[in-house]
Amino acid sequence: MGKNLTGDNSKICSPQGNEHSIQLSEFFQKLNVDENGLSDQEAANRLKECGANVLEETGKESIINKYLRQFRNLFSILLTVGSILSFIGEYLDPGQGNLYIGIALAGVVVINGTFTFIQEYQAEKTMESFRQLLPPHARVLREGTVKDILASELVVGDVILLEEGDKVPADGRLVEINTLKVDNSAITGESEPQLRSLECTHPNMLECRNMVFSGTLIQSGNGKAVIFATGQNTQIGSLATLTQQTSGVDTPIRREINYFIKVISTIAISLGIVFFMLAFLLQDIFLASLIFAIGIIVANVPEGLLPTVTLALSLASKRMASRNALIKQLESVETLGSTTVICTDKTGTLTQNKMAVNSIMIGFECLVLENPTSTKKTTTEQGIIESTNKEDVEKLVDSEAEEFCVLTKSVWDPEKLSSVFIRVAGLCNNAKLRESAPGYTGDPTEGALLVFANGLEDIGNLKNDYPRLEEFPFDSLTKRMEVICRTPEGKLEVYLKGAPEVVVKMCSSSLDSGGGIRNLDETEQQELLNRHLSLAKKGERIIALAYRQIEELREYTGDFIFLGFIGIVDPPRPEAREAIAKCHTAGIKVVMITGDHPVTAESIAKDVGLANSGNLEIITGNELATLSRADLASRLKNPSIVFARTSPVQKLKIVQLFQAEGEIVTMTGDGVNDAPAIKNADMGVAMGSGTDVAREAADMVLLDDNFATIVNAVEEGRTVFDNIKKFIVYILASNIPEILPFIAFVLFALPLPMPVQLILAIDLGTDMLPAIALGKEKGEGDIMKRPPRAREEKLLTPPLLFTAYAVKGPVEAIAGFFCYFAVLFEGGWRFGEQLANNNPLYMQSITAFFSAVIICQIANVFASRTRYQSVFSMGLFSNRTVLIGIASEILILAFIIWNPSANLIFNTSPLDLRYLLIAVPFAILLLGIDELRKYLLRRNVSWVTRYLKW
13 MGKNLTGDNS
23 KICSPQGNEH
33 SIQLSEFFQK
43 LNVDENGLSD
53 QEAANRLKEC
63 GANVLEETGK
73 ESIINKYLRQ
83 FRNLFSILLT
93 VGSILSFIGE
103 YLDPGQGNLY
113 IGIALAGVVV
123 INGTFTFIQE
133 YQAEKTMESF
143 RQLLPPHARV
153 LREGTVKDIL
163 ASELVVGDVI
173 LLEEGDKVPA
183 DGRLVEINTL
193 KVDNSAITGE
203 SEPQLRSLEC
213 THPNMLECRN
223 MVFSGTLIQS
233 GNGKAVIFAT
243 GQNTQIGSLA
253 TLTQQTSGVD
263 TPIRREINYF
273 IKVISTIAIS
283 LGIVFFMLAF
293 LLQDIFLASL
303 IFAIGIIVAN
313 VPEGLLPTVT
323 LALSLASKRM
333 ASRNALIKQL
343 ESVETLGSTT
353 VICTDKTGTL
363 TQNKMAVNSI
373 MIGFECLVLE
383 NPTSTKKTTT
393 EQGIIESTNK
403 EDVEKLVDSE
413 AEEFCVLTKS
423 VWDPEKLSSV
433 FIRVAGLCNN
443 AKLRESAPGY
453 TGDPTEGALL
463 VFANGLEDIG
473 NLKNDYPRLE
483 EFPFDSLTKR
493 MEVICRTPEG
503 KLEVYLKGAP
513 EVVVKMCSSS
523 LDSGGGIRNL
533 DETEQQELLN
543 RHLSLAKKGE
553 RIIALAYRQI
563 EELREYTGDF
573 IFLGFIGIVD
583 PPRPEAREAI
593 AKCHTAGIKV
603 VMITGDHPVT
613 AESIAKDVGL
623 ANSGNLEIIT
633 GNELATLSRA
643 DLASRLKNPS
653 IVFARTSPVQ
663 KLKIVQLFQA
673 EGEIVTMTGD
683 GVNDAPAIKN
693 ADMGVAMGSG
703 TDVAREAADM
713 VLLDDNFATI
723 VNAVEEGRTV
733 FDNIKKFIVY
743 ILASNIPEIL
753 PFIAFVLFAL
763 PLPMPVQLIL
773 AIDLGTDMLP
783 AIALGKEKGE
793 GDIMKRPPRA
803 REEKLLTPPL
813 LFTAYAVKGP
823 VEAIAGFFCY
833 FAVLFEGGWR
843 FGEQLANNNP
853 LYMQSITAFF
863 SAVIICQIAN
873 VFASRTRYQS
883 VFSMGLFSNR
893 TVLIGIASEI
903 LILAFIIWNP
913 SANLIFNTSP
923 LDLRYLLIAV
933 PFAILLLGID
943 ELRKYLLRRN
953 VSWVTRYLKW
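Residues in the sequence shown are numbered consecutively from 13, following the working numbering.
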């Protein structure tokens, strides 16, 4: 069994560079291991000695650079310039309060950058924790037993098993192969997968075909390799090419945020310059005009936007994780919301991935074995069962004159099946039996065949009696798999399984029920294919089995003996029908892609509600390859589409066809050949049970492989986009009552109604928590009843700006000025009278203006909870964070009004409560106007839709 480590450990841990060229026996001796692998104890010793099989990330942005990056956006630059100008103003004219403004602006930049950094850092850690939920695994031979372990626990000397779809976990030398092809592009840059060999083919290790390297991908076939280098000692470790995957990705939401920053910054700078010039012309005081311009810029910048957006995305990704959808990159959350087409696999996504053999047709005896795993029976079938009390089998001729038979017994009768039929089902198979559900590991179709065969004969004994000599793996192009085994008599037999239309055409004869052989001509071949359609109509995946005796080891393409068909059922997921209906309501086209026969695909499509529209468009792989782009584009307009008998490599063409029609495509997949389509789709989705290759290419991984989870994720993506828009409107609305005081100050020589300190108190104090609370808002009731947002729709639209700047903002500004003048006039002030900054009347008036804006913002945050539905339909306590945000606004307001220290900092003064109550009617008016806007939108009033639908 497993050998133990002797001698110098360091020689074992570090590769010598000649592992590819030395004799295999010398290689085993050097690593002190044999074909049974290491013992668990020895593996533990080597793990302790050589370290874990992990790569240290290089090229990763340092934490200092990440922090400094937060200060490179336009908002931070504008505020920094404002702070510098304020310090210059203090230097030129001391004692005017510019020092405090400069300190406040500098503090804002630091606090804002720090908060954004903390949010991004936490979000990054969250993404890392999600990835750790799906750590890479490896199948390893320890003491002659196959074990599934974490790839990080691999050690030098381990014997690993490699299969199609695996990512090679460490550098190794191959000791067994079956048409193994490896994609070495991660190491060598070679895009074409290379066939592997057991012989040394090149003096350069990287070019030698008896090697596999960490980070490369198994494209097809299978094999075994002995690990000789792990972690930093691997080729990819020494190349130091591992970089952080999420760097430099410009997602749609990031582009939108950058666009928003540019627009708002342009508005801020333009207003600042215009009113600086205006103030200078009117007052001829350079310094005062400069400070005024600073105030205009500060009032326009929504300082809390970036951390709030990051937090909203982070919260959404956590909610999705709780619903079994892991987002690999934070900003991909929003992309889901704009999806217009979902291309989904059938098996395991729309179905339960609980495949079981349900029917058998032996030769020309069309036996359909009714089994409890069947998901449905037609009325006709039930009638047949009831009428066959005396005979086990009756023939049924349906409307299309296609025959099939019904067996009334619910158990398998081994004597009805030839031994070679069972052998082909069990041995032409790469699945593995296991005790836990579903009873196997590997491909679900092969697993169902293996469990079936093992119920009739012990698979372990069959494998011993009929050892496999050669394998020609299943290929999506050939649609078949062959294995060559040696019989106990020493003869060679090749076992074949695959698609009926492929296998039947390769058969020249058929096995009958008595064990005899009869010839097959083209007419009889066609009759077999016609009969198998009866099973396919029940939604069963049909596999054809055949065999022949041979003389030499090679792949065969003819003269097989046809054995029969096996029908396998995979029940639809109960939630699939509702999820598809939800997509259709949301204007999302659902496209099913399957390798099954079109008849089987149509049956499943009807089962899951894909054909509810009554007009199901079925496009086969052959049609996909031969039809013109114009013909395909025409057929893609159908609301219900199924691609049948397609190969995984055709998925990329399907993605590109839809994208050429302007669709935003989400594509699911789990296999190696799915990876290009997943990567090229707008949103790639991999199955948690899928291959390493697919998961690496995807933007999102489904832990439960469930279609309904994709739909939930789409809903979450739409909600994120909605919420970002909501708090943009909320934040921008307060810009108007922040800007207009400066304009009034210049044009009408009023005492400045809102100094910079109070603007910052709003933007970074009272507005912050409510804005974050809007990021936590659940989706509106109609969010999945709206069509997908247009690809060109932006976060910042003219209707959004109009709502914030021309509807909500003016109401808040009027409320502020009303309270401001109420205090001034009651205090005896007259137009044109100047008030000193420390005048109690002036201090009370700016406190009243500030208070009115805060009270209106409380109404605004309520109004902003919905875009189209009435806010009263959401429930007062459905988002408790909003209530916490409102409480924080009231507390900050009370602190600034009545706390002596705050009075000194903000130049405010205690205020009579009745002045605050003056603002309440304006707050109610703001809420009422927005409710009226939503009501008219729901009534589809055209001018409201044009100007106020954001």
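Even for Gly, the Cβ is constructed at its ideal location relative to N, Cα and C.
Straight-line gap, Asp-717 to Glu-901 (C-alpha atoms, nearest Å): 44 Å
Residues of its chain near Asp-794, where Cβ-Cβ distance is below 7 Å and the 5 sequence neighbours each way are ignored: Tyr-880 and Gln-881
Whole runs of the alpha helix (DSSP H) within the region 209-287, excluding any shorter than 4 residues: 247-251
Supposed close pair Ser-652, Ala-693 - CB separation, criterion 8 Å: Contact flag wrong, Cβ pair sits at about 20 Å.
Inter-stretch contact (C-beta, 8 Å, three-pair minimum) for the region 470-485 and the region 430-442: yes
Contacts around Val-677, its chain only, beta-carbon distance under 7 Å, and the 5 residues preceding and following it disregarded: Val-353, Cys-355, Val-667, Phe-670, Gln-671, Ala-693 and Asp-694
Residue environment, Arg-951, which counts as buried when at least 16 other CB atoms sit within 10 Å: exposed
Identified DSSP bridge partners for His-32: Answer is none; His-32 lacks a bridge partner.
Start and end residues, beta strand (DSSP E) containing Pro-485: 480-487
Expected contact under 8 Å - CB spacing of Ile-230 and Leu-174 to nearest Å: 5 Å
Check whether Gln-244 and Ile-199 have beta carbons under 8 Å apart: no
Among Cys-497, Leu-153, Ile-115 and Ala-116, nearest to Glu-47 - alpha-carbon criterion: Leu-153
Sequence-distant residues of its chain with Cβ nearer than 8 Å to Thr-191 (five each side left out): Leu-207, Ser-232, Gly-233, Glu-483, Phe-484 and Pro-485
For Cys-519: DSSP bridge partner residues: Phe-572
Among Gly-551, Asn-222 and Glu-673, nearest to Arg-647 - alpha-carbon criterion: Glu-673
The beta strand (DSSP E) enclosing Thr-337, as first and last residue numbers: Per the sequence shown, residue 337 should be read as Ala rather than Thr. That run of the beta strand (DSSP E) goes 337-339.
Touching by the beta-carbon criterion (3+ pairs, under 8 Å), the region 701-721 and the region 770-781: no
Cα-Cα separation, Ile-751 to Asn-312: 7 Å
Range of the contiguous alpha helix (DSSP H) that encloses Cys-62: 52-62
Collapsed DSSP secondary structure at Val-168 in the structure displayed: coil
Where Met-289 falls, given that 16 or more other Cβ within 10 Å makes a residue buried: exposed
Cβ shell of Asp-942 (< 6 Å), same chain only, five flanking positions each side left out: Ala-875
Residue interval of the alpha helix (DSSP H) (run including Cys-355): Cys-355 -> not in any alpha helix (DSSP H); beta strand (DSSP E) instead, spanning 353-357.
Reference Gly-844; option with closest CA among Pro-767, Ala-756, Ala-802 and Ala-914: Ala-756
Beta-carbon proximity list for Glu-629, same chain, < 6 Å, skipping 5 on both sides: Arg-647, Asn-650 and Ile-653
Cβ-based neighbour list, Gly-729, same chain, cut-off 8 Å, excluding 5 preceding and 5 following: Ala-328, Val-345, Glu-346, Thr-347, Leu-348, Gly-349, Ser-350 and Thr-351
DSSP-derived helix/strand/coil call for Pro-147: coil
Close-in-space but distant-in-sequence residues of the same chain around Val-620 (CB under 7 Å, 5 per side omitted): Leu-362, Pro-584, Ala-588, Arg-589 and Ile-592
Residue range of the alpha helix (DSSP H) that includes Thr-742: Looking at the sequence shown, residue 742 is not Thr but Tyr. Looking at the DSSP string, the run of the alpha helix (DSSP H) that includes Tyr-742 is 719-745.
Residue(s) in a DSSP beta bridge with Glu-635: According to DSSP, which records beta bridges pairwise, Glu-635 is partnered with nothing at all.
Tyr-271 burial status per 10 Å Cβ neighbour count (16 or more: buried): exposed
Bridge-paired residues (DSSP) for Met-493: Lys-509
Alpha-carbon to alpha-carbon, Phe-292 and Glu-102: 18 Å
Proximity below 8 Å, CB of Ile-866 to CB of Val-310: no
DSSP-derived helix/strand/coil call for Val-187: strand
Residue range of the unbroken alpha helix (DSSP H) whose run includes Met-332: 317-334
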